[in-house]
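Residue 228 in UniProt numbering sits at position 228 of the sequence shown, and the numbers go up by one each step. Just so you know, even glycine gets a beta-carbon here, dropped at the ideal spot from N, CA and C. Fair warning: this is a prediction, and the values are worked out from it, not measured in the lab. What follows is a single structure, written as structure tokens, with notes after it.
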Amino acid sequence: MSAEPADGPPRTLARPAEAYLDHLTVERGMSPHTLAAYRRDMSRYLAWLQGQGVDEPRQVERRHVTGFLQALATGADGGHPLSPRSAARTIVAVRGMHRFWTLEQVTETDPAQDVTPPRPAQELPKAIRVDQVTALLEAVPTDTPAGLRDRALLEFLYATGARISEAVGLDVDDVVGAVRGPLDDSNLQGNRTEPGVTGPGEFGTAVVRLFGKGSKERIVPLGSYAATALEAWLVRGRPTLAGQPGTGGPALFLNQRGGRLSRQSAWTILKKAGERAHIDAEVSPHTLRHSFATHLLEGGADVRVVQELLGHASVTTTQVYTLVTADTLREVYAAAHPRALH
Numbered sequence: 001m002s003a004e005p006a007d008g009p010p011r012t013l014a015r016p017a018e019a020y021l022d023h024l025t026v027e028r029g030m031s032p033h034t035l036a037a038y039r040r041d042m043s044r045y046l047a048w049l050q051g052q053g054v055d056e057p058r059q060v061e062r063r064h065v066t067g068f069l070q071a072l073a074t075g076a077d078g079g080h081p082l083s084p085r086s087a088a089r090t091i092v093a094v095r096g097m098h099r100f101w102t103l104e105q106v107t108e109t110d111p112a113q114d115v116t117p118p119r120p121a122q123e124l125p126k127a128i129r130v131d132q133v134t135a136l137l138e139a140v141p142t143d144t145p146a147g148l149r150d151r152a153l154l155e156f157l158y159a160t161g162a163r164i165s166e167a168v169g170l171d172v173d174d175v176v177g178a179v180r181g182p183l184d185d186s187n188l189q190g191n192r193t194e195p196g197v198t199g200p201g202e203f204g205t206a207v208v209r210l211f212g213k214g215s216k217e218r219i220v221p222l223g224s225y226a227a228t229a230l231e232a233w234l235v236r237g238r239p240t241l242a243g244q245p246g247t248g249g250p251a252l253f254l255n256q257r258g259g260r261l262s263r264q265s266a267w268t269i270l271k272k273a274g275e276r277a278h279i280d281a282e283v284s285p286h287t288l289r290h291s292f293a294t295h296l297l298e299g300g301a302d303v304r305v306v307q308e309l310l311g312h313a314s315v316t317t318t319q320v321y322t323l324v325t326a327d328t329l330r331e332v333y334a335a336a337h338p339r340a341l342h
């Protein structure tokens, strides 16, 4: 959004909007990814205002903001219709800009202060069954370094409930206890004399340090299956992709060139595993995280413990998973109880 684009908003609108974006960058430290989304939202809003005959911030009225909200839902402004969730995000950005203009005395009043963003319909998290998780994990071949990595990654995601972004952001040092003995060159080359994890059920000390939203740190235990898969990756797979022992940077999960695995690549790994396992349910980047939480609650875990493991700031966010387990209970009851239906 330039100061005076040929077919864009007038300078008297564009400059105050750019000042708001600068504020988000300098004062708020907003990430480039989020800033780009705000810039798109502002461009669409300014185009709407221009179409309504608004040339400067002081001319904006509440009806312009509510009209824009309606246009987001219908596409009446010439853009793609947005879901309630996306429209809510856009209106939050618009409200933030008007609040900034008021504080900076660009305008005397805030026409957007009482415009409420649409409330998205509650979407229940989509988990897959335990047998489907097992099929997905076991569908990954482990006869190559990349296969060892893929199996370790998916086992890790299901064992910890980590977000994909959290998993690919991990360094080797963030995992403690996944390899018996020091992780030195002899270990990495597969010449270890001390046996490592011997199998499921015999490993209970491995933990991982995860960094969630806002860089909030939490410690999550690793199950024995995940610890075994991670050890196989660290000892037999990672050195090959790193090029030689001790290289490849600190990243826990590496790509084929020895760099850090990207979120997109991790998502592709998960998607391909779902296809190989012939899972009829949708497999998304959050599938294993949702399944982790749902299966813990079905197994009797306290919701506040699950909250801590997921890194949710509020237990209310976690309680949505109890709705999923309640649905499952109702289905089982309806199918099994002799007088559930008539």
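Leaving aside the five residues before and after residue i along the sequence, list all residues of the same chain whose C-beta is less than 8 Å from its C-beta, in chain order.
i    : result
E108 : R58, T102
T66  : V115
Return the residue from the list the options that minimises the CA-CA distance to residue i.
i    : options               : result
D114 : Y158, R151, H64       : H64
V305 : Q264, T160, E104      : T160
E56  : H98, Y225, E231, S291 : H98
L261 : L153, M42, T34        : L153
A162 : L35, V130, K216, R129 : K216
F100 : V303, E27, G223       : E27
Report all residues from its chain with a CB closer than 7 Å to the CB of residue i; omit the five preceding and five following residues, and keep chain order.
i    : result
V176 : A206, V207
I91  : L69, V115, P117
T240 : P145
V130 : H295
Quick one, are the C-beta atoms of residue i and residue j less than 7 Å apart?
i    : j    : result
L309 : V220 : yes
A87  : E155 : no
G311 : G212 : yes
V168 : A277 : no
R218 : D174 : no
P32  : R62  : no
A273 : V54  : no
I279 : Q132 : yes
A76  : M42  : no
With DSSP collapsed to three states, give me the class of residue i.
i    : result
A14  : helix
A127 : coil
A47  : helix
I279 : coil
R260 : strand
F292 : helix
E56  : coil
D110 : coil
A71  : helix
F211 : strand
By Cβ distance, which residues of its chain are closer than 6 Å to residue i, with the 5 residues on each side in sequence left out?
i    : result
G79  : R44
A19  : none
L170 : L252
Y38  : A93
L288 : L157, Y158
Just checking, does the region 275 to 283 make contact with the region 133 to 152 on the three C-beta pairs under 8 Å criterion? Yes, the region 275 to 283 is in contact with the region 133 to 152.
If you pair each beta-carbon of the region 228 to 242 with each one of the region 147 to 155, do three or more pairs fall below 8 Å? The region 228 to 242 is in contact with the region 147 to 155.
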